[in-house]
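K.L.:
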Amino acid sequence: MLILLRLMLHRHRVLITSWLVLLVAVTGATVSAYQSTYPTAEQRRTATDLAQHSAATTLMYGNLADPGTPALMFTWEIGAIATILAAIMAVLVAISLTRAAEDDGTLELVRTTGIDARVPLRCALLMLAGVAATLALGCTGGLGLAAGHVDAVTWPGAAAFGTVVGLTFLIVGMVTVVLAQVAATAGSARLLGFAVVGAAFGIRALADTRHVGWLNWLTPLGLRATVRPFAENRWWPLATYLVVVAALAWFAAFLAGRREYGAGLIRRRDSRSTRLNIRSSLGLTARLARRPVLTWTVGVACLGTLFSAMGSGVVHQSQQGDLGGFLGSQLGGGNPVAGYFGYCGTVVGMAVTAFAVLSVLRARQDELGGLTDHILATGARRWKPLASQVAVTAVGTLIILVVTGALSALIAPTVINGPDVAIRAFTYTIGQWPSAMVAAGWTALLIGLWPRLTGLAWLPLIAGGLLALLGQLLGIPQSVRDLGVFQHVPDVAAPGPDARGLLILLTVAGATLLLGLAGITRRNITTD
Amino acid sequence: MHDWHQGDHMPQHTAIDVERLVKRFGTFAAVDGLDLTVRAGEVHGFLGPNGAGKSTTIRVLLGLYRATAGRVRVLGIDPAVRAAEINRRISYVPGEVNLWPNLTGQEVLDALAGMRGSRDAAAERRLVADFALDTRKVVRTYSKGNRQKVILVAAFAARTELLVLDEPTSGLDPLMEELFRRCVREAAVEGRTVLLSSHILAEVEQLCAAVTIIKDGRLVESGRLADMRHLAASEVTARLPEDRVADVADRLRSIGVTDPAPADRDLHISVLRQHIPAVLSLLVEADAQDITCTPAKLESLFLRHYQVTPC
Numbered sequence: 259m260l261i262l263l264r265l266m267l268h269r270h271r272v273l274i275t276s277w278l279v280l281l282v283a284v285t286g287a288t289v290s291a292y293q294s295t296y297p298t299a300e301q302r303r304t305a306t307d308l309a310q311h312s313a314a315t316t317l318m319y320g321n322l323a324d325p326g327t328p329a330l331m332f333t334w335e336i337g338a339i340a341t342i343l344a345a346i347m348a349v350l351v352a353i354s355l356t357r358a359a360e361d362d363g364t365l366e367l368v369r370t371t372g373i374d375a376r377v378p379l380r381c382a383l384l385m386l387a388g389v390a391a392t393l394a395l396g397c398t399g400g401l402g403l404a405a406g407h408v409d410a411v412t413w414p415g416a417a418a419f420g421t422v423v424g425l426t427f428l429i430v431g432m433v434t435v436v437l438a439q440v441a442a443t444a445g446s447a448r449l450l451g452f453a454v455v456g457a458a459f460g461i462r463a464l465a466d467t468r469h470v471g472w473l474n475w476l477t478p479l480g481l482r483a484t485v486r487p488f489a490e491n492r493w494w495p496l497a498t499y500l501v502v503v504a505a506l507a508w509f510a511a512f513l514a515g516r517r518e519y520g521a522g523l524i525r526r527r528d529s530r531s532t533r534l535n536i537r538s539s540l541g542l543t544a545r546l547a548r549r550p551v552l553t554w555t556v557g558v559a560c561l562g563t564l565f566s567a568m569g570s571g572v573v574h575q576s577q578q579g580d581l582g583g584f585l586g587s588q589l590g591g592g593n594p595v596a597g598y599f600g601y602c603g604t605v606v607g608m609a610v611t612a613f614a615v616l617s618v619l620r621a622r623q624d625e626l627g628g629l630t631d632h633i634l635a636t637g638a639r640r641w642k643p644l645a646s647q648v649a650v651t652a653v654g655t656l657i658i659l660v661v662t663g664a665l666s667a668l669i670a671p672t673v674i675n676g677p678d679v680a681i682r683a684f685t686y687t688i689g690q691w692p693s694a695m696v697a698a699g700w701t702a703l704l705i706g707l708w709p710r711l712t713g714l715a716w717l718p719l720i721a722g723g724l725l726a727l728l729g730q731l732l733g734i735p736q737s738v739r740d741l742g743v744f745q746h747v748p749d750v751a752a753p754g755p756d757a758r759g760l761l762i763l764l765t766v767a768g769a770t771l772l773l774g775l776a777g778i779t780r781r782n783i784t785t786d
Numbered sequence: 033m034h035d036w037h038q039g040d041h042m043p044q045h046t047a048i049d050v051e052r053l054v055k056r057f058g059t060f061a062a063v064d065g066l067d068l069t070v071r072a073g074e075v076h077g078f079l080g081p082n083g084a085g086k087s088t089t090i091r092v093l094l095g096l097y098r099a100t101a102g103r104v105r106v107l108g109i110d111p112a113v114r115a116a117e118i119n120r121r122i123s124y125v126p127g128e129v130n131l132w133p134n135l136t137g138q139e140v141l142d143a144l145a146g147m148r149g150s151r152d153a154a155a156e157r158r159l160v161a162d163f164a165l166d167t168r169k170v171v172r173t174y175s176k177g178n179r180q181k182v183i184l185v186a187a188f189a190a191r192t193e194l195l196v197l198d199e200p201t202s203g204l205d206p207l208m209e210e211l212f213r214r215c216v217r218e219a220a221v222e223g224r225t226v227l228l229s230s231h232i233l234a235e236v237e238q239l240c241a242a243v244t245i246i247k248d249g250r251l252v253e254s255g256r257l258a259d260m261r262h263l264a265a266s267e268v269t270a271r272l273p274e275d276r277v278a279d280v281a282d283r284l285r286s287i288g289v290t291d292p293a294p295a296d297r298d299l300h301i302s303v304l305r306q307h308i309p310a311v312l313s314l315l316v317e318a319d320a321q322d323i324t325c326t327p328a329k330l331e332s333l334f335l336r337h338y339q340v341t342p343c
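Protein chains in written order, with this note's numbering: chain A, 259 to 786; chain B, 33 to 343.
#1: Express the C-alpha separation of W691/A and V791/A in angstroms, rounding to a whole number.
#2: Just to check my reading of the structure: R682/A and D756/A have Cβ atoms closer than 8 Å, yes? What is that Cβ distance to the nearest angstrom?
#3: Quick one: is N82/B near chain A, going by C-beta distance under 8 Å?
#4: Counting only beta-carbon separations shorter than 8 Å, does D528/A have a partner in chain B?
#5: Classify L141/B: buried if its beta carbon has 16 or more other beta carbons within 10 angstroms, exposed otherwise.
#6: Answer yes if the segment 183-191 of chain B comes into contact with the segment 72-79 of chain B, meaning at least three C-beta pairs across the two stretches below 8 Å, and no otherwise.
#7: Looking only at its own chain, which residues have a Cβ that is under 6 Å from the Cβ of L725/A, when we skip the five neighbours before and after it?
#8: Quick one: does A776/A have its CB under 8 Å from some CB of chain B?
#9: Whole angstroms is fine: what's the gap from G627/A's alpha carbon to V377/A's?
#10: From the DSSP secondary-structure annotation, give me the bridge partner or partners of D198/B.
#11: Grab the span of the beta strand (DSSP E) containing V104/B for me, first residue to last.
#12: I think A645/A touches L546/A, with their Cβ atoms under 8 Å apart; what is that distance to the nearest whole Å?
#13: Please report the distance separating the alpha-carbon of G203/B from that of Q180/B.
#14: Looking only at its chain, what residues have a beta carbon closer than 6 Å to the beta carbon of A310/B, apart from the 5 residues adjacent to it on each side?
#15: Using the Cα positions of R271/B and A320/B, report the straight-line distance between them to the nearest angstrom.
#16: Is L731/A helix, strand or coil by DSSP?
#17: In this structure, how does DSSP classify R527/A when only helix, strand and coil are distinguished?
#18: Would you mind sorting D631/A into buried or exposed? The rule is 16 or more other CB atoms within 10 Å of its CB.
#19: So with CB distances below 8 Å, who are the chain A contacts of K169/B?
#20: Anyone know if the C-beta pair for G420/A and A394/A falls short of 8 Å?
#21: So, with DSSP's three-state summary, where would you put T532/A?
#22: Please indicate yes or no: does the CB of G424/A lie closer than 7 Å to some heavy atom of the ligand SAH?
#23: Are the beta-carbon atoms belonging to T315/A and L481/A less than 8 Å from one another?
#24: Here's the rule: buried if 16 or more other CB atoms are within 10 angstroms of the residue's CB, otherwise exposed. What is Y519/A?
#25: Using 8 Å as the threshold, is the segment 357-373 of chain A in touch with the segment 442-455 of chain A, meaning 3 or more CB pairs across them?
#26: Taking beta-carbon pairs under 8 Å, can you tell me which members of the segment 72-103 of chain B lie near chain A?
#27: For a contact defined as C-beta to C-beta under 9 Å, what are the partners of G522/A on chain B?
#28: Would DSSP call I517/A helix, strand or coil?
#29: Assign V129/B to one of three DSSP states: helix, strand, or coil.
#30: When you compare the CB positions of E253/B and M260/B, do they come within less than 8 Å of one another, or not?
#31: Going by C-alpha to C-alpha distance, which of A511/A, L763/A, L260/A sits closest to G722/A?
#32: Near T685/A, what residues of its chain come up, given a Cβ to Cβ distance below 6 Å and the 5 sequence neighbours on each side ignored?
#33: For H300/B, write down the residues that DSSP places opposite it in a beta bridge.
#34: Below 7 Å on C-beta distance, what does H632/A contact in chain B?
#35: Between A329/A and T304/A, what straight-line distance do the alpha-carbon atoms span, to the nearest angstrom?
#36: Kindly provide the ranges of any alpha helix (DSSP H) runs that are 4 or more residues long and lie completely inside the segment 331-379 of chain A, ordered along the chain.
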């Protein structure tokens with residue numbers, strides 16, 4: 259069992275450690291910014307009042323508790339972001355540890371060594387508990403170091419906050435492991451997991467905006483409201499949830515004993531007599547991308563429309579006076595409508611960029627899996643499979659953005675008062691296409707020139723996301739923030755919109771793509 | 033009927049011509065000065081133990097790997113320059129077959145034929161039926177053998193003049209192996225060239241007129257199988273009358289059969305091809321019974337070349 263744990267840890271060390279570093283960094287690096295942004299009690303009072311009376315920020319982050327100390331503001335804003343990230347991490351890690359290992363056949367090898375069939379699941383559950391504990395400790399440490407420097411930050415409060423993040427991870431992870439027993443494949447289990455995270459966010463938003471406090475007990479993302487770090491530091495809810503976690507773990511093990519290896523409780527249709535009418539590798543890539551594009555379109559459109567729809571409060575508020583903190587830094591000065599949709603566009607842009615990176619990385623996975631061999635063996639040119647993948651990614655990204663932008667443009671004018679709402683909602687969404695293309699081109703460049711370094715494909719998304727979301731809060735100079743890919747969309751409703759940034763992005767995307775294609779015609783096509 | 037010898041491409045006398053091929057990965061030379069010649073229309077066995085460099089060589093032939101040094105011509109074309117053109121005229125079957133898991137077997141066949149741009153639909157239907165493949169099923173439900181069948185059907189049904197088969201039968205059951213051999217023979221009759229990489233000696237022996245044996249990326253032996261048997265010894269067994277045992281042993285030694293050692297009546301000796309007539313007439317003259325003489329199996333050739341000799 260110990261050996262299996264070590265094997266799991268070794269296999270997933272990159273996934274787990276990069277998420278851990280990200281979360282600990284987000285909590286540890288941002289807390290002092292709340293002290294410097296609101297140095298006086300009066301400024302805090304104003305910001306807290308604004309936040310407490312805004313439906314939009316309440317929807318996004320929850321209720322900001324009195325008296326609105328920097329510690330509480332941190333818990334409210336960064337806490338919301340950190341718990342959502344922890345939930346997403348939980349889905350990815352839980353599936354990697356359980357069904358993904360079944361679907362790729364590695365667990366089969368482990369099982370043939372003669373271990374009890376129940377041991378791999380138990381190890382996965384233990385691993386999740388271990389990661390949750392590490393996450394809790396890391397966040398506690400990162401935050402606790404600010405004790406004494408930032409008002410109202412205390413070690414017990416930091417421990418409560420850290421535990422909330424760790425427990426959010428653990429609960430979502432356990433729910434995902436249960437789903438992994440039910441879903442037909444690892445992929446659909448992962449989708450169900452993300453749907454659960456979405457539902458958890460929805461319940462939390464409902465609980466906070468409608469003031470139905472007890473609903474927060476039903477969602478892992480509502481833990482901040484039940485535990486109240488830096489305010490009451492209630493520990494008993496944590497104990498209650500540990501019982502829930504144990505029950506979920508037992509239930510997952512129970513279901514695991516009632517399903518076939520490699521198949522969920524839900525069966526899928528394995529037979530159909532359709533034909534495929536394609537003439538080129540582009541056609542094949544397009545056919546294979548159909549389902550992911552559809553899934554992402556639904557997901558991103560829901561996300562984008564949700565953000566556009568709940569903007570009324572924020573826009574109203576920034577029309578009145580100024581917004582502080584994280585959201586305030588997002589909107590910046592200028593036209594409030596433009597500022598808000600610029601922020602929504604950044605969020606949508608990050609989502610489609612994730613799609614673009616994953617989609618282009620398929621080219622590398624197909625190469626390693628030997629699928630590219632089949633395509634080249636029909637007489638396709640060397641660069642064709644990668645070029646097809648990038649082309650399909652470009653079109654898929656455009657479809658996602660057009661659908662999301664059109665939906666936002668339909669919904670937003672009904673809830674937001676202001677000039678040019680529809681056109682701004684649409685253009686700020688669609689304007690993120692060049693950013694996603696930079697990430698796509700960069701990924702193609704890595705695949706073509708340095709195929710071993712494809713992990714760096716996420717660099718534009720992570721760096722751009724951090725610069726866009728936290729750059730101003732952390733006081734990073736504008737010239738550095740301009741290097742991020744997400745904040746170059748001009749306001750088309752303003753006089754003389756400046757699209758030079760977008761043109762530069764497209765040029766970079768094109769140049770990196772060409773380098774990648776040139777690279778792949780010169781290197782070996784390898785399989786593992 | 034197939035018409036791949038007509039049109040732009042004149043038939044080549046040499047389908048594959050490799051001279052002093054070197055392929056290095058870093059400092060490791062997977063192929064180190066290999067020569068390989070496959071004549072058009074022949075079924076050529078490509079033999080070697082695991083890690084000998086067979087798959088690496090094949091990937092260079094297809095243009096998937098860049099050769100470090102040496103001259104490579106496939107159908108008269110350099111794969112480093114015009115790989116796509118070569119691949120249009122080649123069918124390739126890898127040893128480890130992965131396919132698109134969400135497509136059905138039929139959709140994979142459609143995709144491969146569609147990308148190639150030419151298709152023999154009748155041959156494909158016939159092969160699907162022969163291989164007893166349910167092509168309506170989604171690939172992820174297929175076993176290794178079934179995935180291999182999909183690619184074999186695509187390879188044999190394509191209108192190509194050269195088949196490059198890299199250990200193609202590793203997942204097939206014996207019945208399907210027999211079917212595979214039939215397909216290779218039919219391909220040969222149609223005038224297609226086959227390069228069959230394998231370590232299953234019986235398979236190569238049954239199918240191939242010529243073989244190339246490699247080890248550690250180097251050529252060990254190459255030529256027609258019939259000629260190679262000259263080098264190998266045949267196995268001769270017989271049962272001798274009790275009173276002739278010592279006499280026969282002496283006379284075998286004088287013929288040149290080393291170490292006959294027939295301490296008892298059951299004789300079991302290894303005889304070089306040129307000595308066989310003399311040995312057999314000796315045995316007949318000595319009233320031996322149950323005489324057998326078996327031509328060398330490729331196994332013994334293989335063992336001779338690849339056996340680790342203890343120091």
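Positions of the beta carbon are idealized from the N, C-alpha and C atoms, including for glycine.
This structure is a prediction, so every number in the text was calculated from the model and none was measured.
P.N.:
According to the structure data:
#1: In the structure as shown, chain A begins at 259 and stops at 786. Residue 791/A is therefore absent and cannot be evaluated.
#2: Start at 1 with the first residue of the first sequence, and residue 682/A comes out as number 424. Start at 1 with the first residue of the first sequence, and residue 756/A comes out as number 498. So it is not a contact: roughly 15 Å between Cβ atoms.
#3: Stepping through the second sequence from its first residue, residue 82/B is reached at position 50. Chain A, which has no Cβ nearer than 8 Å to the Cβ of N82/B, makes this no.
#4: The residue given as residue 528/A occupies position 270 in the first sequence. Chain B, which has a Cβ nearer than 8 Å to the Cβ of D528/A, makes this yes.
#5: Translated into positions along the second sequence, residue 141/B becomes position 109. It counts as buried.
#6: no
#7: Walking along the first sequence from the start, residue 725/A turns up at place 467. Excluding residues within five positions, the ones whose Cβ falls inside 6 Å are R739, G742.
#8: On the first sequence, position 518 is the one that residue 776/A refers to. Cβ-Cβ to chain B under 8 Å: no for A776/A.
#9: Numbered from its first residue, the first sequence carries residue 627/A at position 369. Numbered from its first residue, the first sequence carries residue 377/A at position 119. Each residue's alpha carbon lies about 29 Å from the other.
#10: Here residue 198/B is taken as the residue at index 166 of the second sequence, counted from 1. According to DSSP, D198/B bridges with S229/B.
#11: Start at 1 with the first residue of the second sequence, and residue 104/B comes out as number 72. Segment 101-106, the beta strand (DSSP E) holding V104/B.
#12: The count along the first sequence starts at 1 and reaches residue 645/A at position 387. The count along the first sequence starts at 1 and reaches residue 546/A at position 288. At roughly 15 Å, the Cβ-Cβ gap does not stay under 8 Å, so A645/A and L546/A are not in contact.
#13: For the purposes of this step, residue 203/B is taken as residue 171 along the second sequence, with counting starting at 1. For the purposes of this step, residue 180/B is taken as residue 148 along the second sequence, with counting starting at 1. Between G203/B and Q180/B, the C-alpha separation is close to 7 Å.
#14: Mapped onto the second sequence, residue 310/B falls at position 278. Counting only Cβ-Cβ distances below 6 Å, and skipping sequence neighbours, we find I287.
#15: Counting from 1 along the second sequence, the entry for residue 271/B is found at position 239. Counting from 1 along the second sequence, the entry for residue 320/B is found at position 288. R271/B and A320/B: Cα-Cα distance of roughly 5 Å.
#16: Your numbering for residue 731/A matches position 473 in the first sequence. Reduced to three states, the DSSP call for L731/A is coil.
#17: The sequence position of residue 527/A within the first sequence is 269, counting from 1. Note: R527/A maps to coil in three-state DSSP.
#18: Indexing the first sequence from 1 puts residue 631/A at position 373. Per the 10 Å Cβ criterion, buried.
#19: Residue mapping note: residue 169/B aligns to position 137 of the second sequence, counting from 1. Correct list: D528, S529.
#20: In the first sequence, counting from the first residue as 1, residue 420/A sits at position 162. In the first sequence, counting from the first residue as 1, residue 394/A sits at position 136. Yes, the pair counts as a contact, with Cβ atoms nearer than the cut-off.
#21: If you number the first sequence from 1, residue 532/A lands on position 274. Coil at T532/A, not helix or strand.
#22: With respect to the ligand SAH, the structure shown offers nothing to examine, as it has no ligands at all.
#23: Your numbering for residue 315/A matches position 57 in the first sequence. Your numbering for residue 481/A matches position 223 in the first sequence. Contact: no.
#24: Here the question's residue 519/A lines up with position 261 in the first sequence. Exposed.
#25: yes
#26: R91, L94, G95, L96, Y97, R98
#27: Taking the first residue of the first sequence as 1, we reach residue 522/A at position 264. Within 9 Å Cβ-Cβ: nothing; G522/A doesn't reach chain B, min ~13 Å.
#28: For the purposes of this step, residue 517/A is identified with residue 259 of the first sequence, where counting begins at 1. Reading off the sequence, residue 517/A comes out as Arg, not Ile. Three-state DSSP puts R517/A in coil, outside helix and strand.
#29: The sequence position of residue 129/B within the second sequence is 97, counting from 1. If DSSP states are grouped into helix, strand and coil, V129/B belongs with coil.
#30: Along the second sequence, one-based indexing puts residue 253/B at 221. Along the second sequence, one-based indexing puts residue 260/B at 228. It is a contact, given that the beta carbons lie within the stated cut-off.
#31: Here residue 722/A refers to the residue found at position 464 when the first sequence is read from its first residue. Checked all of A511/A, L763/A, L260/A; the closest Cα to G722/A is L763/A.
#32: Translated into positions along the first sequence, residue 685/A becomes position 427. Closer than 6 Å at Cβ, skipping near neighbours: V750.
#33: The sequence position of residue 300/B within the second sequence is 268, counting from 1. Note: H300/B sits in a beta bridge opposite T269/B.
#34: By 1-based counting over the first sequence, the position of residue 632/A is 374. In chain order: L144.
#35: Here residue 329/A refers to the residue found at position 71 of the first sequence. Here residue 304/A refers to the residue found at position 46 of the first sequence. Rounded to the nearest angstrom, the two C-alpha atoms are 16 Å apart.
#36: 357-361, 364-369
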